[in-house]
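Structure record follows, encoded as structure tokens.
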Amino acid sequence: GQVDPLKEGLKTGDEAVLQSAVDTIVSETDAINGELSKPVWSMASLIPVIGEDVRSVQTLGSVASDLVNEALVPIADDLAGLQLSSLFQDGVVNVSLIQEISSSIDDALPVIESSVDTISSLPEAHIPQLREILDRVQGPMKEAGGLLEQIQPALDLLPQMLGADGQTRTYLIIAQNNAELRATGGLPGSWGTISVTDGALSMGGDFHTVLHMEGLHASATPEEISYICATIHTDPAQMNFTPDFVRVGTFAREYWDQAGNGLVDGVIAIDPVFLQRLLSLTGGFTAPNGTVVDGTNAASVLLNGAYKMIGDDGTAQDEFFASVAAQAFDHVMSNLGSVGMTDLLDVIVRSGQDGRFLAWMVNENEQKLMGQMGFSGALGQDPATPELGVYLNDSTVSKISWYASTSTVVGEGVKNADGTTSYDVKTTLTNTITPEEAASVPRYISGYNEQKRDVTDMLVYVSMYAPAGGSISDFSVSDGGLVDGASISNNTVYGLQVMGTYVHARAGETVTFTYRVTVSPEATEPLSVRTTPLGQEGLMTVEASRESE
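Here the working numbering is used: the first residue of the sequence shown is 279, the next is one more, and so on.
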């Protein structure tokens, strides 16, 4: 009953409300623990069978008292009056508040972890009423302890990442354009920086592009140049042909510096779907040309509507996207203070999971944190958690990828005699544009590749990355799917087997890939799938696998 006033006191900084809630919790838990420590309970704990349940009850009382007096009370004392709701206001992150929270949780974490372990190890109850209580307590306690373990490294590192003590941090922001697909999302068309000092964020100038600049050279390996893209090391437009965002971040930092813009402390990639999710929290804005951009249409406006509106004028398009990017940043930063932190975290975590928010940091500890939080975009390298990669790179030289639809269905896992498990997989790529629309849109959308068979044709490089310690076999492509002269390649990149090919699909056509994925005998989880995020969420599906009995 004290949860709501406790939360309210922490959020608003109302010390009276907070103290009242804490006092009530302390009083009641101490009373419960005192009751359970009486001789009659100690005697009851000696009764066969039932005594085990009594001892579990006593343990719960003791742990509750420890948690309240050694964790909750100190945390509440530390944070009293600090207003957690002020964590982000007017474009400024309250770095000192994060430091206070981090220090407080650091002090309380040992007793929290010990309490979680103690409660988790309690035996199954014999008395139904106690069994119900344990079911209600053990799961949430374990979840809360795990959440704190995940959050604590972030709290420790966030201050330095936010420019604490006047140490300015600069991050390169790259807007990926899913209307022209690349493995990690889309063409890295718009580039800009944000700087942060003591939590205050500011833009480092207008967004612009460094694509196709001459004289640039990134540190790609011969393997990446030979098997991923021949110009990955000389053209920023192709740097994210690799699905490994750790490499993309490295290349982007080098290209940005060589283009005369200076070194950055990290690289963050976002796409219009992520922006749309943010705008669903902050509300929309009106672009200079009168277009309303909000939480329902940002992706369609930026990935399709703008090209129809502007046509084939590349300069006008660049100006429109630069102005929208700057306006979107200002709008989001100005309104995040009114957004619930839980809602904001949900958007960020979800976008990290589906590859729409990716981050690479120069600092090794910060980069490790990005991996722990699911934002790094690194390729799976653990045989115990097998991950199949399905990645698309547009070659239509267009914005026709807005009409791409994909599906990957993983069949039931079948155990092999050698301890490995094999899954039959089917991936499809469909071109959903209609002949009528293809004939009416600007060529900027329909495409410039001379290999197009007609105005509707979509050309795509498709790559399947085998899971660590695993393999791909029996790979085939449906009739008519391969571009004339294309073949199926089978190479090793980043220590992973990669099968790829070059396909095309006219309006309404589907290319089907069937293959078998075998995972390592070390695998402890079913095969998962990571795939290139499309501009239209509704056009992409993944059906996960399950193990055979």
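In this text, a Cβ means the ideal position worked out from N, Cα and C, and glycines have one as well. Please read all numbers here as calculations on a predicted model, not as lab measurements.
(request) On the DSSP bridge assignment, give the partners of asparagine 821 in chain order. (result) Checking the sequence shown, residue 821 turns out to be glutamate, not asparagine. Note: glutamate 821 sits in a beta bridge opposite Val687.
(request) Would you give the residue range spanned by the beta strand (DSSP E) that lysine 704 belongs to? (result) Run containing lysine 704: 699-709, per the beta strand (DSSP E) assignment.
(request) Per DSSP, which residues does valine 602 bridge with? Please list them. (result) In DSSP, valine 602 forms no bridge with anything.
(request) Could you tell me which of Leu412, Ala537 and Thr809 sits nearest to lysine 666, measuring between CA atoms? (result) For the sequence presented, residue 666 should be read as leucine rather than lysine. Leucine 666 has its Cα closest to that of Thr809, out of Leu412, Ala537 and Thr809.
(message) DSSP has glutamate 665 in a bridge; who is on the other side?
(response) Per DSSP, Ser806.
(request) For the beta strand (DSSP E) containing isoleucine 503, list its first residue and its last residue. (result) Premise fails: isoleucine 503 lies in the alpha helix (DSSP H), 500-505, not in any beta strand (DSSP E).
(request) Would you tell me roughly how many angstroms separate the C-alpha atoms of glutamate 597 and aspartate 591, rounded to the nearest one? (result) Their Cα atoms are separated by approximately 10 Å.
(request) Please name the residue in Ser751, Tyr780 and Ala604 whose C-alpha comes closest to that of aspartate 762. (result) Ranking Ser751, Tyr780 and Ala604 by Cα distance to aspartate 762 puts Tyr780 first.
(request) Give me the Cα-Cα distance between arginine 409 and leucine 426, rounded to the nearest whole angstrom. (result) Here the alpha carbon of arginine 409 sits roughly 26 Å from the alpha carbon of leucine 426.
(message) Just to confirm, is the Cβ distance from alanine 576 to proline 550 under 7 Å?
(response) Yes, the pair counts as a contact, with Cβ atoms nearer than the cut-off.
(request) Whole angstroms is fine: what's the gap from valine 789's alpha carbon to leucine 580's? (result) Approximately 27 Å between the Cα atoms of the pair.
(request) Pull up the CB-CB distance for threonine 505 and valine 771, whole angstroms please, since I reckon it's below 8 Å. (result) Before going on, a small fix: residue 505 reads as tyrosine here, not threonine. Right, their Cβ atoms sit about 5 Å apart.
(request) Run the proximity test for lysine 316: is its beta-carbon closer than 6 Å to any non-hydrogen atom belonging to the ligand ADP? (result) Among the components modelled here there is no ligand, and therefore nothing to report on the ligand ADP.
(request) Can you give me the Cβ contacts of phenylalanine 519 inside the same chain, cut-off strictly under 7 Å, excluding the 5 residues immediately before and after it? (result) Excluding sequence neighbours, phenylalanine 519 sits near Arg460, Ala461, Ile506, Cys507, Ile510 and Asn671.
(message) Can you tell me whether glutamine 454 is helix, strand or coil according to DSSP?
(response) Here DSSP, grouped into helix, strand and coil, assigns glutamine 454 to strand.
(request) Can you give me the Cβ contacts of threonine 307 inside the same chain, cut-off strictly under 6 Å, excluding the 5 residues immediately before and after it? (result) Cβ within range, chain order: Ala342, Ser343 and Val346.
(request) Within the same chain, show all residues whose beta-carbon is closer than 7 Å to that of leucine 623, passing over the 5 residues directly before and after it, in chain order. (result) Around leucine 623: no qualifying Cβ.
(request) Only counting runs of 4 or more residues, tell me where the alpha helix (DSSP H) segments fall wholly within the segment 546-606, in order along the chain. (result) Given a length threshold of 4 residues, each whole run of the alpha helix (DSSP H) inside the segment 546-606 is given here in chain order: 550-560 and 584-588.
(message) In chain order, what are the residue ranges of uninterrupted alpha helix (DSSP H) at least 4 long that sit wholly in the segment 325-373?
(response) The qualifying runs are 328-345 and 351-357.
(request) With a threshold of 16 other CB atoms inside 10 Å of the CB of threonine 574, please say whether the residue is buried or exposed. (result) Around the C-beta of threonine 574, fewer than 16 other C-beta atoms lie within 10 Å, and the residue is accordingly described as exposed.
(message) I need the boundaries of the alpha helix (DSSP H) containing tryptophan 638, first residue and last residue.
(response) Counting along the chain, no alpha helix (DSSP H) covers tryptophan 638; the unbroken beta strand (DSSP E) around it starts and ends at 635-639.
(message) Could you check whether isoleucine 472 and glycine 423 sit closer than 7 Å to each other, using their CB atoms as the reference points?
(response) Here glycine 423 is not near isoleucine 472, since their CB atoms are 7 Å or more apart.
(message) According to DSSP, leucine 737 sits in a beta bridge with which residue or residues?
(response) For leucine 737, which the question treats as bridged, DSSP gives the partners His782.
(message) Excluding the 5 residues flanking leucine 647 on each side, which residues of the same chain have their C-beta closer than 7 Å to its C-beta?
(response) If the five residues before and after leucine 647 are omitted, its C-beta is found closer than 7 Å to the C-beta atoms of Pro431, Ala432 and Leu435, all from its own chain and listed in chain order.
(request) Kindly give me the distance between the Cβ atoms of methionine 419 and isoleucine 397, rounded to whole angstroms, as I take these residues to be in contact under 8 Å. (result) Rounded, the Cβ-Cβ distance is 5 Å, consistent with contact.
(request) Count the other CB atoms, across all protein chains shown, that sit within 10 Å of the CB of isoleucine 325; report buried if there are 16 or more and exposed otherwise. (result) So isoleucine 325 ends up on the exposed side.
(message) Could you compute how far the alpha carbon of aspartate 660 sits from the alpha carbon of isoleucine 429?
(response) Distance between the alpha carbons of aspartate 660 and isoleucine 429: 23 Å.
(request) Give every residue of the same chain whose Cβ lies closer than 6 Å to the Cβ of arginine 333, excluding the five residues on either side of it in the sequence, and list them in chain order. (result) The beta carbon of arginine 333 sits closer than 6 Å to the beta carbons of Ser323 from its chain, once the five residues preceding and following it are set aside; these are given in chain order.
(request) Using beta-carbon positions only, say whether alanine 478 and tyrosine 533 come within less than 7 Å of one another. (result) In this structure, tyrosine 533 does not lie closer than 7 Å to alanine 478 by Cβ.
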